[in-house]
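Just below is one structure, and these are the notes that go with it.
Protein chains: 2
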Amino acid sequence: MNSAEELYPQLISGNRRALSKSISLVESTLPAHRTEAEKLLKLCSALPINSRRIAITGVPGAGKSTSIEALGMHYILQGKKVAVLAIDPSSSRGKGSILGDKTRMELLSAHPMAYIRPTPTRGFLGGIGAATAEAIKLVEAAGYDTILIETVGVGQSETLATEVSDMMLMIYLTGAGDELQGVKKGIMEVIDLIFINKIENNEAAITRGKKTKAELHRALHFLQEKDSGCGVIIKMGSALENFGIAELAQSIDEHFIEIENNGYLEKKREEQALHHFKSQLQRYLLIHLESLPSIQKLIKKNSLEKENFSQPSAIAKEIITANFPTTS
Amino acid sequence: MNSAEELYPQLISGNRRALSKSISLVESTLPAHRTEAEKLLKLCSALPINSRRIAITGVPGAGKSTSIEALGMHYILQGKKVAVLAIDPSSSRGKGSILGDKTRMELLSAHPMAYIRPTPTRGFLGGIGAATAEAIKLVEAAGYDTILIETVGVGQSETLATEVSDMMLMIYLTGAGDELQGVKKGIMEVIDLIFINKIENNEAAITRGKKTKAELHRALHFLQEKDSGCGVIIKMGSALENFGIAELAQSIDEHFIEIENNGYLEKKREEQALHHFKSQLQRYLLIHLESLPSIQKLIKKNSLEKENFSQPSAIAKEIITANFPTTS
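Protein chains in written order, with this note's numbering: chain E, 1 to 328; chain D, 1001 to 1328.
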């Protein structure tokens, strides 16, 4: 691994290899790598950043990749630099990433103004959400101004995505049913924009799309107003046929202008930064605590006695009390 | 809240109110409750237990509740005591449980030999998986010998369910498509039995079921053998019409006999117990560490300085080093 001092100048010059190496560095769980990773992130934190972080969700088969490809190419034609990242909590089980191959986004992955990074490999130690948050910082430092974050799976990954993104776009199918697509209270509260996909430019498809749109409007009617102060926008089109993508991009634009003006974007990013710091601090407190030989010995000893298994809190208290001076 | 000494005798006599109070106690995050909860769990850990823990997964709409109702009533008619618990990671966001109302399982919820407990309310501190594991111990102590664990959502909850159950049953629909139903490598590796639901007792439905069964067999063909040493069993029927439920229950029986005989069940439960203890111990180490005033002060101080946000590991190391005697 390269050092932070070596990587930083190459990274901010937009060097792709340096960017990939930097992301690998922050994904690493080795203590020595972590030290360099934090040096690099600290250097990056001083940079002025002006980016948009857009999370994309939807059930498998809804067309998330195709939508990212279409939307990404649209932004590139507008002169943007586009980075695509993925959040996949299930990959922490080490059973292979779903995103994986870049072949699902043919145009984007071949384009010099786009950078695609598959699912983070960092597992429990740092957390997938945290790994993505740090990867975002690095692609921003490398000059990417439009970050598309693909969520994989339903439920957990949306929660992680809201913690690292500015807005959430849902790719939706007609006919597949609300329930099956995860349209439920918890998730809909974090959705800013719904794109009804696979609506081609013909009368029958558009009628179908309008019907779904009306249904969604009814379903969303009962939602309380969101923290952003904005309602849920619903658009339709076909990512595969590039139909409705310009309108979708315009809605995203308008949403950003609104949350930039009403102060929500700034507030959200500040809250996210504090939240991330606190949860990461907790993880590393535990890691550094467990790295102490005296603590390691106690954990090992207690793990050998089955009668302890029902009282983890009591054992933990004992360990802390035995090792900390009682000065308070 | 009652004390562990008060609850324990009522709990093991099978008193339902005492059981509900006991589960609320272990779900509580208040330190005083936690102390009592661990006393109670320790008392329970000495009991001889002979139960079966069956997790039920499947996309929303597949008929999980109906299947649990049918299977649960089948077991009750066989003289079993049935407990239904739920794992819903999304409920930790505090946005309401999906299971919630017992009305979805009318017969079971009215039956004196069944006990239904909605989603655990315990959030981050103890973890939903841990809360369910402890609830299982309590219903077992109360004499329930058949535990049905409903998973909610796709992805995360299956992982949690494998950590607390002996086997995993998937409720499957014909026609809805593999991909949309979460049939992917990661999940299929933890499935022991698939029940193709909504196959009524008529020729057309059975033909449809057989076709799906053949497709699933082909899809599963490439899976490596599982740790249990058993292949995936596929059954079909209609939970709503109680068709094929006796055969399903028989397959579950046979699976249990197999994993009891080949030693897998015992090994799995031992591994689960150790894993739970270790992860719970970690959580409580952190909680007790953070409860120390000197640590609290340092966390607060460091959270006020934004330039720290990019280096949580370095700050954590400083805090630990400053507070621990360097004896190693």
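For glycine and all other residues, C-beta sits at the position ideal for the given N, C-alpha and C.
Locate the alpha helix (DSSP H) running through ILE149(E), then write down its first and last residues. Counting from one through the first sequence, the residue named residue 149(E) turns up at place 149. Taken as a continuous stretch (DSSP letters only), ILE149(E) belongs to no alpha helix (DSSP H), being part of the beta strand (DSSP E) at 146-151.
Since GLU225(E) meets chain D, which of its residues come closer than 7 Å, beta carbon to beta carbon? Reading the first sequence from its first residue, position 225 is the one you call residue 225(E). Here the premise fails: no neighbours, minimum Cβ distance about 15 Å.
Can you look up LYS1042(D) in the DSSP assignment and give me helix, strand or coil? As a first step, residue 1042(D) must be located in the second sequence, where it is residue number 42. Helix.
Do you know whose CA, among THR119(E), ALA133(E), SER67(E), ILE76(E), lies nearest SER45(E)'s CA? Mapped onto the first sequence, residue 45(E) falls at position 45. If we check each option's Cα against that of SER45(E), ALA133(E) comes out closest.
To the nearest angstrom, how far is the alpha carbon of VAL1164(D) from that of THR1146(D)? As a first step, residue 1164(D) must be located in the second sequence, where it is residue number 164. As a first step, residue 1146(D) must be located in the second sequence, where it is residue number 146. Taking the straight line joining both Cα atoms gives about 13 Å.
Measuring CA to CA, which of HIS1275(D), HIS1276(D), ASN1242(D), SER1228(D) is closest to GLU1260(D)? Taking the second sequence and counting its residues from 1, the one referred to as residue 1260(D) is at position 260. The shortest Cα separation from GLU1260(D) among HIS1275(D), HIS1276(D), ASN1242(D), SER1228(D) belongs to SER1228(D).
Buried versus exposed, by CB contacts within 10 Å (16 or more), GLY209(E): The residue labelled residue 209(E) in the question sits at position 209 within the first sequence. Result: buried.
State the CB to CB distance for the pair PHE243(E) and GLU189(E), rounded to an integer number of angstroms; the pair is presumed to be in contact (CB under 8 Å). Indexing the first sequence from 1 puts residue 243(E) at position 243. Indexing the first sequence from 1 puts residue 189(E) at position 189. Wrong, their Cβ atoms sit about 29 Å apart, outside the cutoff.
Taking only three categories from DSSP, how would you classify LEU289(E)? What you label residue 289(E) is simply residue 289 of the first sequence in a count that begins at 1. Residue state, collapsed to three classes: helix.
With a threshold of 16 other CB atoms inside 10 Å of the CB of THR1321(D), please say whether the residue is buried or exposed. Along the second sequence, read from residue 1 onward, the residue named residue 1321(D) stands at position 321. Exposed, because fewer than 16 other Cβ atoms sit within 10 Å of the Cβ of THR1321(D).
So, helix, strand or coil for LEU1309(D), using DSSP? Position 309 of the second sequence, counted from the start, is the residue given in the question as residue 1309(D). Residue identity differs from the one stated: residue 1309(D) is Phe in this sequence, not Leu. Looking at PHE1309(D) - three-state DSSP - the assignment turns out to be coil, as it is neither helix nor strand.
For ALA131(E), count neighbouring C-beta atoms within 10 Å of its own C-beta (all shown protein chains included) and say buried if the count is 16 or more, exposed if not. Taking the first residue of the first sequence as position 1, residue 131(E) is located at position 131. Counting Cβ neighbours within 10 Å, ALA131(E) comes out buried, since at least 16 surround it.
I'd like the list of long-range same chain contacts for LEU40(E), defined as Cβ closer than 7 Å, with 5 residues on each side in sequence excluded. Stepping through the first sequence from its first residue, residue 40(E) is reached at position 40. Contacts found: ALA4, LEU7, TYR8, SER22, LEU25.
I'd like to know whether the C-beta atoms of LEU85(E) and ILE136(E) end up nearer to each other than 8 Å. Here the question's residue 85(E) lines up with position 85 in the first sequence. Here the question's residue 136(E) lines up with position 136 in the first sequence. Closer than 8 Å, so yes.
Count the other CB atoms within 10 Å of the CB of GLY58(E); is the residue buried (16 or more) or exposed (fewer)? For the purposes of this step, residue 58(E) is identified with residue 58 of the first sequence, where counting begins at 1. Flag for GLY58(E) reads buried.
Name the DSSP beta bridge partners of THR1057(D), please? Here residue 1057(D) refers to the residue found at position 57 of the second sequence. MET1170(D).
Report the rounded CA-to-CA distance for ILE233(E) versus LYS81(E), giving the unit in angstroms. Walking along the first sequence from the start, residue 233(E) turns up at place 233. Walking along the first sequence from the start, residue 81(E) turns up at place 81. When rounded, the distance between both Cα atoms is 25 Å.
Taking PRO1064(D) as the reference, give the member of PRO1120(D), THR1029(D), ALA1239(D), LEU1019(D) with the closest Cα. Taking the second sequence and counting its residues from 1, one reaches residue 1064(D) at position 64. A small correction: the amino acid at residue 1064(D) is Lys; Pro does not occupy that position in the sequence shown. Considering only alpha carbons, the answer is ALA1239(D).
Beta-carbon within less than 6 Å of LEU138(E)'s beta-carbon, same chain only, minus the 5 sequence neighbours each way: which residues are those? As a working mapping, residue 138(E) is identified with position 138 in the first sequence. Closer than 6 Å at Cβ, skipping near neighbours: SER22, ILE23.
Using a beta-carbon distance below 8 Å, is GLU271(E) in contact with chain D? Here residue 271(E) refers to the residue found at position 271 when the first sequence is read from its first residue. Answer no: the Cβ-Cβ gap between GLU271(E) and chain D never drops below 8 Å.
Can you tell me where the alpha helix (DSSP H) with ALA1205(D) in it begins and where it stops? Counting from 1 along the second sequence, the entry for residue 1205(D) is found at position 205. Where ALA1205(D) is concerned, the enclosing alpha helix (DSSP H) stretches over 1203-1220.
May I ask you to report which of helix, strand or coil DSSP gives VAL1190(D)? Sequence index remark: in the second sequence, residue 1190(D) carries index 190 (1-based). Collapsing the DSSP output to three states places VAL1190(D) in coil.
Beta-carbon separation of PRO1312(D) and LEU286(E) under 8 Å? Against the second sequence, residue 1312(D) aligns to sequence position 312. Against the first sequence, residue 286(E) aligns to sequence position 286. No; because the gap between Cβ atoms is not below 8 Å, this pair is not in contact.
Same chain only: Cβ atoms within 8 Å of ARG117(E), ignoring 5 sequence neighbours per side: By one-based count along the first sequence, residue 117(E) stands at place 117. Here the set comprises SER20, ILE23, ALA83, VAL84, LEU85, ALA86, ALA135, VAL139.
Measure the beta-carbon distance from LYS1042(D) to SER310(E) and round it to whole angstroms, keeping in mind my assumption that it falls under 8 Å. The residue given as residue 1042(D) occupies position 42 in the second sequence. The residue given as residue 310(E) occupies position 310 in the first sequence. Right, the Cβ-Cβ distance comes to about 5 Å (below 8 Å), so this counts as a contact.
Per DSSP, cross-strand counterpart(s) of LYS235(E): Locating residue 235(E) in the first sequence gives position 235, where the first residue counts as 1. LYS235(E) pairs with PHE195(E).
Taking the straight line between their C-alpha atoms, what separation do you get for GLY263(E) and HIS33(E)? Indexing the first sequence from 1 puts residue 263(E) at position 263. Indexing the first sequence from 1 puts residue 33(E) at position 33. Those two C-alpha atoms are separated by around 36 Å.
Element boundaries [beta strand (DSSP E), containing VAL1084(D)]: Here residue 1084(D) refers to the residue found at position 84 of the second sequence. Taken as a continuous stretch (DSSP letters only), the beta strand (DSSP E) holding VAL1084(D) covers 1082-1087.
Per-residue DSSP class, three states only, for GLU1117(D): In the second sequence, residue 1117(D) corresponds to position 117, counting from 1. Here residue 1117(D) is Arg; the residue named in the question, Glu, does not match the sequence. It is coil, neither helix nor strand.
Contact defined as beta carbons within less than 8 Å: I believe ALA316(E) pairs with HIS1288(D). What is the distance between those atoms, to the nearest angstrom? In the first sequence, counting from the first residue as 1, residue 316(E) sits at position 316. In the second sequence, counting from the first residue as 1, residue 1288(D) sits at position 288. Rounded, the Cβ-Cβ distance is 5 Å, consistent with contact.
Just checking: is the beta-carbon of PRO1009(D) within a distance shorter than 8 Å of some beta-carbon in chain E? For the purposes of this step, residue 1009(D) is identified with residue 9 of the second sequence, where counting begins at 1. By this cut-off, PRO1009(D) is not an interface position.
Looking at chain E, is there any beta carbon in it that lies within less than 8 Å of the beta carbon of HIS1288(D)? Within the second sequence, numbered from 1, the residue matching residue 1288(D) stands at position 288. Yes - at least one Cβ of chain E is within 8 Å of the one on HIS1288(D).
As a quick exercise: from ALA114(E), LYS297(E), HIS221(E), pick the residue whose alpha carbon is nearest that of LEU77(E). In the first sequence, the residue the question calls residue 77(E) occupies position 77. Comparing Cα-Cα distances from LEU77(E) to each of ALA114(E), LYS297(E), HIS221(E), the minimum goes to ALA114(E).
Excluding the 5 residues preceding and the 5 following GLU36(E) in the sequence, name in chain order all residues of the same chain whose CB lies nearer than 7 Å to its CB. Locating residue 36(E) in the first sequence gives position 36, counting from the first residue. Taken in chain order, the residues that qualify are MET1, SER3, ALA4, LEU25.
Whose CA, out of ASN202(E), HIS221(E), PHE195(E), lies closest to the CA of ILE252(E)? Stepping through the first sequence from its first residue, residue 252(E) is reached at position 252. For ILE252(E), the nearest C-alpha among the options comes from PHE195(E).
If you follow the alpha helix (DSSP H) that ARG16(E) is in, where does it begin and where does it stop? To locate residue 16(E), count along the first sequence from 1; it is residue 16. ARG16(E) -> alpha helix (DSSP H) spans 16-27.
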